[in-house]
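A.B. asks: In my numbering, the protein residues as written are 1 to 444. Glycine is no exception: its CB is placed at the ideal position from the N, C-alpha and C atoms. Dropping a structure here in structure tokens format, bear with me for questions.
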Amino acid sequence: MKREHVIKPILDHPYPTIQYGKGVYLYDDQGKAYIDGCSGAVTAGIGHGVQEIVDAMMEQASKVSFVYRSQFTSEPAEQLAKKLSDLAPGNDYWTFFVNSGSEATETAMKMAIQYWQERGRPGKNKVISRRMSYHGITMGALSMSGHVLRRRRFIPLLADLPVVAPPYCYRCPLGKTSPSCQMACADDLNTAIKRIGAEHIAAFIAEPIIGAAGGAIVPPAGYYKKIKEICEQHDILFIADEVMTGIARTGAMFGMEHYGVEPDLIALGKGMSAGYTPMAATMAKDHVMEPILQGSKSIMSGHTYSANPQSAAISLAVLAYIEKHQLVEAAEIKGTILLNRLRQMADGIAIIGDVRGQGLLIALEFVADRTEKRMFAANIGVTSRMIEKAFHKGLLVYPAGGAVDGEGDAIIVAPPLVITEEEIDQLVRILAESIREVMAEVIP
Ligand code: PLP
């Protein structure tokens, strides 16, 4: 079979062909097994080849797979929106279904802007984000992303939106130390709002725990409480981008539960269908919907596949599976085990600067010098070497870092929430071998 018709991420790189997956393992057509140490793109939360999901898929397909959202609603879509609202912090959300995380954050941006228009304040149309953030690849989502590398080619087409300092304590962007800094990074939002003028700002968007742009960066306790207070003081909506953190990944159904904050809007993706179908969502609290319901009564967004019954039924089955197998609790328990094992492993490996995370969203940051926290030069490609080395040994890990001028090396370890202790041991063993081999290559 000629395979050169598919445009792959790196065009001259040989990609193995997948044959099947079961649990935390994937198998290629040569029979090689891979531990899915990152759930693909932090997506396959319940593991591969789960029969209950296949059954739900078949059952819905035998009724109807697709209806257009302007013509019909469906039982699975209605049930899923209700279920998400029941699970979310505060329990009073409406849901707009989309197909990817980028669409979910972009829709949240549009809804925030529309909310202020309906309230007679159309000048409030900018969204503030943070440096070191990733909210998606479409132009609106990329406009809100503080990810220099991914933005670079498209700068002239992107909205010039403000960014503030991330809560990155390992390497504070403001040169301070926690806790004596008193969360100056949160104050940075306040400063930016005052500089730009709250009358121009619709919303602030943040990932509860920074994912691909930094690598499982957990904010200091109290950070989001302070952020929410600042947003409320200035009449600004708070959007939580839970595309990576949402649906059990961090040991809570929603990442923001760890911080006791109820976002005005939430973007979901990845884990909500666990990779069994493209599915994502933008959730909006009752009070955000109210002026829209009283005003134009319609959200100016939508996609052909929005709210299709097939994807909704699959997502419902994924949520049922998570509850039945107590995977929120499992993420916390297994996450603690994995984090401890990785920290023990790091003790003996000089280039591991930091091991951090929450639940089963964990990252390792690599440094050329541990004491000085000196980064490797970008052209050494430490992250890609790590990923490639582990891949050859049968372990998948996910790249992070590189958001600021392409510098910074980190990998995300985020296996399916069903991983066993034995599988964790195997994962850590292969990872340690891979890191040691890369270290021998890059430190003469
Ligand atoms: N937001 C966050 C936090 C993400 O991690 C991602 C993807 O990695 C996105 C948005 C974009 O999601 P998608 O790739 O499904 O468009």
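For I412 and G215, which I take to be in contact (beta-carbon distance under 8 Å), what is that distance rounded to the nearest angstrom?
C.D. replies: As a working mapping, residue 412 is identified with position 412 in the sequence shown. As a working mapping, residue 215 is identified with position 215 in the sequence shown. Sure, about 6 Å apart at Cβ, within 8 Å.
A.B. asks: Please list the terminal residues of the continuous alpha helix (DSSP H) segment that includes Y115.
C.D. replies: Residue 115 sits at position 115 when you count from the first residue of the sequence shown. Y115 -> alpha helix (DSSP H) spans 101-118.
A.B. asks: If you draw a straight line from the C-alpha of T449 to the C-alpha of V328, how long is it?
C.D. replies: What the structure shows of the chain is the stretch from 1 to 444, and residue 449 is not part of that stretch, so it cannot be assessed.
A.B. asks: Could you please give the first and the last residue of the uninterrupted beta strand (DSSP E) stretch that includes G406?
C.D. replies: Translated into the one-based positions of the sequence shown, residue 406 becomes position 406. Where G406 is concerned, there is no enclosing beta strand (DSSP E), given that its DSSP letter is neither H nor E.
A.B. asks: Any heavy atom of the ligand PLP closer than 7 Å to the beta-carbon of H135?
C.D. replies: Locating residue 135 in the sequence shown gives position 135, where the first residue counts as 1. At least one heavy atom of the ligand PLP falls within 7 Å of the beta-carbon of H135.
A.B. asks: Within the continuous beta strand (DSSP E) that includes V355, where are the two ends?
C.D. replies: Here residue 355 corresponds to residue number 355 of the sequence shown, with the count starting at 1. It spans 352-358 - the beta strand (DSSP E) in which V355 sits, taken as one unbroken run.
A.B. asks: Just to confirm, is the Cβ distance from G47 to P278 under 8 Å?
C.D. replies: In the sequence shown, residue 47 corresponds to position 47, counting from 1. In the sequence shown, residue 278 corresponds to position 278, counting from 1. Contact flag unset, no.
A.B. asks: Report yes if the C-beta of T282 is less than 7 Å from at least one heavy atom of the ligand PLP; otherwise report no.
C.D. replies: In the sequence shown, counting from the first residue as 1, residue 282 sits at position 282. Answer for T282: no, Cβ out of range of the ligand PLP.
A.B. asks: Alpha carbon to alpha carbon, how far is G260 from A44?
C.D. replies: Within the sequence shown, numbered from 1, the residue matching residue 260 stands at position 260. Within the sequence shown, numbered from 1, the residue matching residue 44 stands at position 44. Going from the Cα of G260 to the Cα of A44 covers about 26 Å.
A.B. asks: According to DSSP, simplified to helix, strand and coil, what is I448?
C.D. replies: Nothing can be reported for residue 448, as the shown portion of the chain is limited to 1 through 444.
A.B. asks: Considering only DSSP beta bridges, list what G21 is partnered with.
C.D. replies: The residue labelled residue 21 in the question sits at position 21 within the sequence shown. G21 is bridged to L26.
A.B. asks: Between E407, C172, I193, K194, which lies nearest to A184 when the distance is taken from Cα to Cα?
C.D. replies: For the purposes of this step, residue 184 is taken as residue 184 along the sequence shown, with counting starting at 1. Selected option, being the one with the closest Cα: C172.
A.B. asks: Under DSSP, the alpha helix (DSSP H) around Y321 begins and ends at which residues?
C.D. replies: Here residue 321 corresponds to residue number 321 of the sequence shown, with the count starting at 1. Start and end: 309-324.
A.B. asks: Would you identify the three-state DSSP class for M283, choosing helix, strand or coil?
C.D. replies: Here the question's residue 283 lines up with position 283 in the sequence shown. Looking at M283 - three-state DSSP - the assignment turns out to be strand.
A.B. asks: Do three or more CB pairs link the stretch 138-154 to the stretch 307-327 at distances below 8 Å?
C.D. replies: Because the criterion of three Cβ pairs below 8 Å is not met, the stretch 138-154 and the stretch 307-327 do not touch.
A.B. asks: DSSP has P399 in a bridge; who is on the other side?
C.D. replies: Position 399 of the sequence shown, counting from 1, holds the residue named residue 399. Partner(s): I411.
A.B. asks: Below 7 Å, is the gap between the Cβ of V413 and the nearest heavy atom of the ligand PLP?
C.D. replies: Here residue 413 is taken as the residue at index 413 of the sequence shown, counted from 1. Incorrect: V413 has no Cβ contact closer than 7 Å to the ligand PLP.
A.B. asks: Taking just the CA atoms, how far does I18 sit from E4?
C.D. replies: Walking along the sequence shown from the start, residue 4 turns up at place 4. Walking along the sequence shown from the start, residue 18 turns up at place 18. One C-alpha to the other measures close to 16 Å.
A.B. asks: Can the beta-carbon of T282 be found closer than 8 Å to that of V418?
C.D. replies: For the purposes of this step, residue 282 is taken as the residue at position 282 of the sequence shown. For the purposes of this step, residue 418 is taken as the residue at position 418 of the sequence shown. Contact flag unset, no.
A.B. asks: Flag this pair as touching only if the stretch 27-37 and the stretch 382-400 have three or more C-beta atom pairs under 8 Å; answer yes or no.
C.D. replies: yes
A.B. asks: How big is the Cα-Cα spacing for N125 and A202?
C.D. replies: Within the sequence shown, numbered from 1, the residue matching residue 125 stands at position 125. Within the sequence shown, numbered from 1, the residue matching residue 202 stands at position 202. C-alpha separation (whole angstroms): 5 Å.
A.B. asks: In the DSSP assignment, find the beta strand (DSSP E) that holds K126 and state where it starts and stops.
C.D. replies: The residue you call residue 126 lines up with position 126 of the sequence shown. Per DSSP, K126 belongs to the beta strand (DSSP E) from 126-130.
A.B. asks: Using only alpha-carbon positions, find the residue among P208, V67, W116, V64 that is nearest to Y134.
C.D. replies: Here residue 134 corresponds to residue number 134 of the sequence shown, with the count starting at 1. Closest by alpha carbon: P208.
A.B. asks: If you compare alpha carbons, which of E421, I247, M439 is closest to V367?
C.D. replies: Position 367 of the sequence shown, counting from 1, holds the residue named residue 367. The shortest Cα separation from V367 among E421, I247, M439 belongs to M439.
A.B. asks: Select from V54, I53, R69, M57 the residue whose C-alpha is nearest the C-alpha of A307.
C.D. replies: One-based indexing of the sequence shown puts residue 307 at position 307. Closest by alpha carbon: R69.
A.B. asks: Within the stretch 54-90, note down every full alpha helix (DSSP H) run reaching 4 residues or more, in order along the chain.
C.D. replies: The DSSP assignment places complete alpha helix (DSSP H) segments of no fewer than 4 residues inside the stretch 54-90 at 75-87, in order along the chain.
A.B. asks: Quick one, which of S143, A165, R150 has its alpha-carbon nearest I157's?
C.D. replies: For the purposes of this step, residue 157 is identified with residue 157 of the sequence shown, where counting begins at 1. First, the amino acid is wrong: residue 157 is Leu here, not Ile. The option with the nearest alpha carbon to L157 is S143.
A.B. asks: First and last residue of the alpha helix (DSSP H) that includes I387?
C.D. replies: As a working mapping, residue 387 is identified with position 387 in the sequence shown. Residues 382-392.
A.B. asks: So is V54 buried or exposed if we call it buried at 16+ other beta carbons inside 10 Å?
C.D. replies: Reading the sequence shown from its first residue, position 54 is the one you call residue 54. It is exposed - the Cβ of V54 has fewer than 16 other Cβ atoms within 10 Å.
A.B. asks: Can you tell which of L364, D92, A240, R343 has its C-alpha closest to the C-alpha of M289?
C.D. replies: Along the sequence shown, read from residue 1 onward, the residue named residue 289 stands at position 289. It is D92 whose Cα lies nearest to the Cα of M289.
A.B. asks: Hey, could you find the ends of the alpha helix (DSSP H) I201 is sitting in?
C.D. replies: As a position in the sequence shown, residue 201 is number 201, starting the count at 1. Looking at the DSSP string, I201 is not in any alpha helix (DSSP H); the run it does join, the beta strand (DSSP E), is 201-206.
A.B. asks: Below 8 Å between beta carbons: does that hold for F254 and A88?
C.D. replies: Counted from its first residue, the sequence shown places residue 254 at position 254. Counted from its first residue, the sequence shown places residue 88 at position 88. Yes.
A.B. asks: By the 10 Å Cβ neighbour count, where 16 or more other Cβ atoms means buried, how is T447 classified, buried or exposed?
C.D. replies: Within the shown structure, residues of the chain are numbered from 1 to 444, placing residue 447 beyond reach of any answer.
A.B. asks: Tell me the DSSP secondary structure of D241 in three-state form.
C.D. replies: By 1-based counting over the sequence shown, the position of residue 241 is 241. Three-state DSSP puts D241 in a strand.
A.B. asks: Is L265 near A108, with beta carbons less than 8 Å apart?
C.D. replies: As a working mapping, residue 265 is identified with position 265 in the sequence shown. As a working mapping, residue 108 is identified with position 108 in the sequence shown. It is a contact, given that the beta carbons lie within the stated cut-off.
A.B. asks: Does the Cβ of E445 have 16 or more other Cβ atoms within 10 Å, making it buried, or fewer, making it exposed?
C.D. replies: This structure cannot speak to residue 445, because the chain is shown only from 1 to 444.
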